[in-house]
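Encoded as structure tokens, the structure appears first; notes follow it.
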Amino acid sequence: MPASLRELRERRSSVRTTKKVTRAMELIAASRIVKAQQRAQSSAPYARELTRAVSAVATFSNVEHPLTTEAENPTRAAVLLITSDRGLAGAYSSSVIRQGEELTQLLRENGKTAVPYLAGRKAAAFYKFRQRKVAGAWEGFSEAPSYAQAREIADALIAAFLTPTEEGGVDEIHVVYTRFVSMLTQKAEVIRLLPLEVVEGEEPPADAELLPLYEFEPDAETVLDELLPLYVASRIQYCLLQGAASELASRQRAMKSATDNAQQLIERLTREANQARQAEITQEISEIVGGAAALADASTGSD
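In the working numbering, the protein residues as written are 130 to 432.
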């Protein structure tokens, strides 16, 4: 049964209201993304140089630090998922959660138990719905994370790493986050934070090239003690900032698509309303003509 003119007008009014909301959310995301993108880009040099410094200490010293030593038989691995606090951001959070599930399955196949740590309400809701236990959760800052929040997460992960597995600790720390490539492309990735894994590797030196000489003061172990917590916190902050920029870009794209779809729906409903109105007018004219003809026939018969 075709919708009546009144129903079509009410539906069009509802879609117009929805369009205003999605358009407002698109503009809000667009106004915030530039700042988030700048913060993500500005954090990259510090994280890169800190990684190089830690790598230099770990490479050119013979110190066996707990945070750089591989466990002989790793059995538990922490997996930090970085998602959004709010929805309407396209596939941003679902891509991270799907990547986290694949990592969990891979760890399980290698005989390890994944210990989830969650950042963002979407990941927390996913685990709560499935009644899974989590080791730690943080939320409320996915669009604008600060260094203090990154340090809080880093401290919890380092404490778990330094705790023996028999007492609930972990042997590895992995992070699943979304890397901001461009306004159109954001990619869910996995990195291993600890034991130390050099992400920004450099080309190996040539045979004739002399290796640099480093002198660590007061000693390499003390330098590592100071640098490694900073390294973990800076990497987590980098991932949080990349995630924030990716979330806003994904939300802007999703809201623009929703606004365009609402506009197309409004145009279709307007066209259908015009057709319904034309049908009503035609029906009214037909009834008037039919009534006039009936009156004329009745007058002719009486004569």
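Backbone N, C-alpha and C define an ideal beta-carbon position, used for all residues, glycine too. Since the model is a prediction, treat every value here as computed from it, not as a measurement.
{"Check": "Beta bridge counterpart(s) of Ile-211 as assigned by DSSP", "Outcome": "Ala-248"}
{"Check": "Pairwise C-alpha distance: Glu-136 and Tyr-246", "Outcome": "49 angstroms"}
{"Check": "Sequence-distant residues of its chain with Cβ nearer than 6 angstroms to Ala-153 (five each side left out)", "Outcome": "none"}
{"Check": "Simplified DSSP state of Val-328, which is helix, strand or coil", "Outcome": "Residue placement at Val-328 cannot be trusted, given a pLDDT of 49 that sits under 50; the coordinates are not used to answer."}
{"Check": "Outcome for Gln-260 when other beta-carbon atoms lying within 10 angstroms are tallied against a minimum of 16", "Outcome": "exposed"}
{"Check": "Bridge partners - Ala-132, DSSP secondary structure assignment", "Outcome": "Answer by DSSP bridge pairing: none, since Ala-132 is not bridged."}
{"Check": "Local Cβ density within 10 Å of Glu-396, reported as buried at 16 or more and exposed below that", "Outcome": "exposed"}
{"Check": "Reduced DSSP secondary structure (H/G/I, E/B, other) of Ser-224", "Outcome": "helix"}
{"Check": "Residue from Gln-404, Glu-281, Ile-410 and Arg-380 with nearest C-alpha to Ser-160", "Outcome": "Arg-380"}
{"Check": "Host beta strand (DSSP E) of Glu-193 (start-end)", "Outcome": "Neither: Glu-193 is in no beta strand (DSSP E) and is coded neither H nor E."}
{"Check": "Beta-carbon contacts of Glu-329 that lie in its chain and below 8 angstroms, excluding the five residues immediately before and after", "Outcome": "Model confidence at Glu-329 stands at a pLDDT of 48, short of 50, so the residue's coordinates are unreliable; what they give is reported in the following sentence. Closer than 8 angstroms at the Cβ level, and outside the excluded window around Glu-329, lie Arg-177, Thr-180 and Arg-181."}
{"Check": "Distance CB(Leu-322)-CB(Val-352) smaller than 8 angstroms", "Outcome": "no"}
{"Check": "Continuous beta strand (DSSP E) stretch holding Arg-321: start and end", "Outcome": "315-323"}
{"Check": "Through-space distance from Ser-415 to Leu-156, alpha-carbon basis", "Outcome": "49 angstroms"}
{"Check": "Cβ neighbour criterion (16 or more within 10 Å) applied to Ser-222", "Outcome": "buried"}
{"Check": "Cβ distance (whole Å) where Leu-394 is taken to contact Val-144 below 8 angstroms", "Outcome": "5 angstroms"}
{"Check": "First through last residue of the beta strand (DSSP E) which encompasses Glu-301", "Outcome": "301-309"}
{"Check": "The segment 296-310 touching the segment 225-238, judged by at least three CB pairs closer than 8 angstroms", "Outcome": "yes"}
{"Check": "Whether Leu-325 touches Leu-196 by CB criterion (8 angstroms)", "Outcome": "yes"}
{"Check": "Residue ranges of each beta strand (DSSP E) within the segment 140-196, 3 or longer", "Outcome": "none"}
{"Check": "CB contact flag (Ala-204, Thr-292, <8 angstroms)", "Outcome": "Residue identity differs from the one stated: residue 204 is Thr in this sequence, not Ala. Contact flag unset, no."}
{"Check": "Cut-off 6 angstroms between Cβ atoms - residues of its own chain near Gly-298, not counting five sequence neighbours on either side", "Outcome": "Ala-289 and Thr-292"}
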